[in-house]
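Chains A and B, in that order, give the protein sequences. The numbering of the first sequence is my numbering, which starts it at 34 and goes up by one. The numbering of the second sequence is my numbering, which starts it at -5 and goes up by one. See structure below.
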Amino acid sequence: MDSSQFFGISGIAYILAMVAYIAYLVFRNSAVGIIATTITAVGFVSHTMAFFLRWKEFYEIGQMGILRAIPLTNLYESLIFFVWCLILGYLIIEWKYRNRSFGAFITPIAGMALAFIDISGMDKNIHPLIPALQSNWLLAHVTMSFTSYAAFAISFATAMMYLVATTDDKKSAGYVFWTVALGIFVSVLLAMGIDFLVFRVAVSSPESFLKSYLFKATYRNSSGAIVLGSYLAAAALIFAIWKFGHVLKNIITSFSLSPDVLDDLTYKSVAVGFPIFTLGGLIFGAIWADQAWGRYWSWDPKETWSLITWFVYAFISMRDF
Amino acid sequence: MSSDRKNNSLTDTIWNIFSSVKLAVVVFSIISLTSIVGTVIEQQAEPERNIKLLAKFVGENFAPTAFRILNTLGFTDMFRSWWFMSFLFVFAANLVICSLDRLPKIWKVVKEPIKPLAPEIFSTMSIKREFVVKGKPGNASEKARAVLKGNGFAADVREDSGAFQLYSEKGRYSRLGVYVVHLSILIIMAGAVIGMIFGFNASLNLPEGNVSDIAYKSESMQIPLGFEIRCDNFDVSFYDNSDTPKSFKSRLTILEKGREVIKEREIDVNSPLHYKGITFYQSSYGYSPSKDSIFKFMVTSNKGAKEEVNVKFGETFAIAGSGVSAKVIDFSPALAMDESGRLYTYIEMMHNPAALVEFSENGQQKYRQWILARLPQTWKVADGTVEFKHLWGAQYTGLQVRKDPGVGVVYLGCLVMTLGLYATFFMGHERVWVRFSEEKGGAKVFVAASANKNKISFEHKIDKITKELQA
Ligand code: HEM
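This is the structure:
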């Protein structure tokens, strides 16, 4: 078996785990919870094996030595690594807090990343490294960046749960914010799921996967009626979440998760993610750019977006004051 | 100071505006939103590219007008525009004044070591525990001191009217971490400004064998280097069977008044050459053939005689001890064969250099053969082996030439920021007070504690200490 098959197994496992965690949240059946954790753990093991297998495959065709073959050199490999960090972080939290309800909020983020990989037509092939990418700074930069993104993703999930647990006035800004945000998240995830079913499953020729199908079955369909219908469906979904959001609050609070614990977890994830992002994402990235191109900062779109992200988290870190 | 208030009201107003975190939010948002525009509009690009892009948003008809508006506002080169610089300046001023405004208060806390608490304060602290232990307050407090020590708190003792109080703190100076982070941002910005004022960014395409004492900021703008740089060799290697470059390297020599001060230093993409504050980066390469380019062969006759040969196009060379002579009569930088077997050059870069060599004996043409540098099986000819090593002088190395005296300052700022973030996020100011007073049959214990960070895990730590005190 090669790495892509193991990645495939882990992807399927995480999607199943997402379904199982949501079912666990709804039915509160501990057997379902144990199944969810088991599937996640199996996916994680397979994911880890896939990572090392890809490393080995890369090493064999890379002609550059073992350290230059770490599979972290393009968007596909980085996203896969992001999901790996996210699941690892989740499993640690589940074990430390002995609480499975986080799963229903964190695994969908993994699901979204995986669906994005699959339907955006991203190149999954192994390519030998061009000279600019042959740098240890780059390696540290990518590893730390995506570790911090995973920490930020966890803080997103716990912050969402915090809002769910602390707001119930339908007119309050917090309630509207989380219901709309969750509604958008769910409708994007569903649209990606539909893309997947319509194109990935129905279209069989392998070349056609190289094109992007993102939202082609829904919001970007060639038929105006489907586009309109999709937006209406999304709006209806957001409205329904707003209308029945308090049910979710009851569910979450029934898992004996106090808002304080959620808030603390959010703060901790940001407190871990922000320094790692600053050092690995911005500083190491700048050092690498400096060595490869002679400019530590050139305001290119990637750099600018990282700076905006950094501003946002800097501000969140200062919110208490 | 209050008497000056009236006269200084304008300064006060400005101070108040700049010391508020609200302004920071506004400036953060403006910088972020305008930057987003800057990532959509291509910066410093040909106007046509952006007009085409804008047509997607505002339609073909309005696109040129939209472009003119954005261009006038500076959005096509916004990260250098005066208004973007102004926002960065306001951001810096905000940061300085905000920090200065709060520093005195924090400084007082940081300067002041922990003191014992008045007994009645214990019950008002956010973290507090209360219980009774066996033994006299004095003995119990001695034991408690060891417990605190075991948890990393070296405690002082204060006795008054039969009661003993232990008090201890950790990480008082970590409260300054925030200011270190803010300071580091200013250091980085200062480094960037130094680079902008005293540095330059230029490029230089230097063919093999050529010397230059200038670099080019643009086609017409030259920058004197103050010394000379020569490209001795340029070499690109490829991954097997592909045109993906594996590495490209130049050998450079620096000359001062004709004297070689750095000799044949090799640079590649991730390892530049520094000299007198100027750095040369390997950034690109290209093909620039000339009549003087030299074919470098390693020729081995069938009898095993080996000889290095350097010839120009059309010059004759001999295969040692064989009476056979040869010359290059055609060249392709990137030879390929189409379906019908015809040879052609697929790219004007030296990706697959090939020389057509004609062999003669006694003035008679014998045969011709294409010899490809990247294909050893083409080196073997009837009268020996002609290994095609390199065509020297037909490529230029593309160098990025930069002087940035601010880089060191920027890196210093990065280091300071890392330390500051560490102090801010991974250290906290933790304080514990434990008071023992007389109680029937033992000592009454009051524990009070506070932390500015990570309160929940600190509370767990206090629970652990409490348990140990009760044991
Ligand atoms: C992007 C730049 C900035 C970064 C990375 C940054 C970072 C930080 C960090 C890490 C903290 C500590 C948060 C904590 O205790 O967990 C902090 C606190 C703070 N920041 Fe910033 N900051 C930035 C810009 C600013 C600006 C422009 C202002 C000006 C208004 C500001 C005002 C403050 C204040 C007032 C505090 C609280 C300080 C205290 O505890 O007394 N920051 N900042």
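Just so you know, even glycine gets a beta-carbon here, dropped at the ideal spot from N, CA and C. The structure presented is a predicted model; accordingly, all values stated were derived computationally and were not measured.
Check                                                                                                                                 : Outcome
Proximity test, Cβ basis, 7 Å: I309 of chain A and chain B                                                                            : no
Own chain residues within Cβ distance below 7 Å of T7 of chain B, not counting five before or after                                   : none
Contact list for the segment 401 to 419 of chain B against chain A, Cβ threshold 9 Å                                                  : V401, V404, Y405, C408, L409, M411, T412, L415, Y416, T418, F419
The segment 122 to 142 of chain B / the segment 378 to 389 of chain B touching (three or more Cβ pairs under 8 Å)                     : no
CB contact below 7 Å: V441 of chain B versus chain A                                                                                  : no
C-beta neighbour in chain A for R368 of chain B, strict 7 Å                                                                           : no
I450 of chain B at chain A interface by Cβ criterion, 7 Å                                                                             : yes
Proximal chain A residues relative to I30 of chain B, where beta-carbon distance stays under 9 Å                                      : T337, W338, I341
Sub-7 Å separation of W88 of chain A and A102 of chain A beta-carbons                                                                 : yes
Cutoff 7 Å: L105 of chain A Cβ touching any chain B Cβ                                                                                : no
Any chain B beta carbon closer than 7 Å to A206 of chain A                                                                            : no
Closest by C-alpha distance to V147 of chain A, when choosing among A:E110, A:W170, A:A173                                            : Reading off the sequence, residue 147 of chain A comes out as Leu, not Val. When each option's Cα is compared against that of L147 of chain A, the closest is A:E110.
Simplified DSSP state of I365 of chain B, which is helix, strand or coil                                                              : strand
Closest by C-alpha distance to S284 of chain B, when choosing among B:R224, B:D207, B:A388, B:L219                                    : B:A388
Other residues of its chain near Y233 of chain B: CB distance less than 7 Å, five sequence neighbours each side excluded              : K240
DSSP-derived helix/strand/coil call for E163 of chain B                                                                               : strand
Amino acids of chain B, ordered along the chain, whose beta-carbon sits closer than 8 Å to that of G122 of chain A                    : Under the 8 Å cutoff, chain B gives no residues; its nearest Cβ is about 17 Å from G122 of chain A.
Minimum Cβ-Cβ distance from W332 of chain A to chain B less than 7 Å                                                                  : yes
Stretch pair the segment 85 to 98 of chain B + the segment 15 to 25 of chain B: three plus CB contacts closer than 8 Å                : yes
Beta carbon of L366 of chain B nearer than 7 Å to that of D324 of chain B                                                             : no
Beta-carbon contacts of G315 of chain B that lie in its chain and below 7 Å, excluding the five residues immediately before and after : S295, K297, A299
Three-pair Cβ contact test at 8 Å for the segment 293 to 311 of chain A versus the segment 184 to 198 of chain A                      : yes
Residues that K300 of chain B bridges to, as DSSP identifies them                                                                     : B:T294
Sequence-distant residues of its chain with Cβ nearer than 6 Å to G216 of chain A (five each side left out)                           : L270, I271, I274
Pairwise C-alpha distance: F348 of chain A and L142 of chain B                                                                        : 36 Å
D457 of chain B burial status per 10 Å Cβ neighbour count (16 or more: buried)                                                        : exposed
N346 of chain B versus Q363 of chain B - alpha carbon distance                                                                        : 16 Å
Bridge-paired residues (DSSP) for H268 of chain B                                                                                     : B:T273
N-terminal and C-terminal residue of the beta strand (DSSP E) that K122 of chain B is part of                                         : 121 to 127
Burial state of D323 of chain A, where buried means 16 or more other Cβ atoms lie within 10 Å                                         : buried
Simplified DSSP state of N88 of chain B, which is helix, strand or coil                                                               : helix
Residue range of the unbroken alpha helix (DSSP H) whose run includes Q38 of chain A                                                  : 36 to 60
Endpoints, the alpha helix (DSSP H) within which L27 of chain B is located                                                            : 15 to 34
Under 7 Å between C-beta atoms of K257 of chain B and W386 of chain B                                                                 : no
Residues, ordered as in the chain, of the segment 379 to 391 of chain B that lie near chain A by beta-carbon distance below 8 Å       : none
W332 of chain A in three-state terms, based on DSSP                                                                                   : coil
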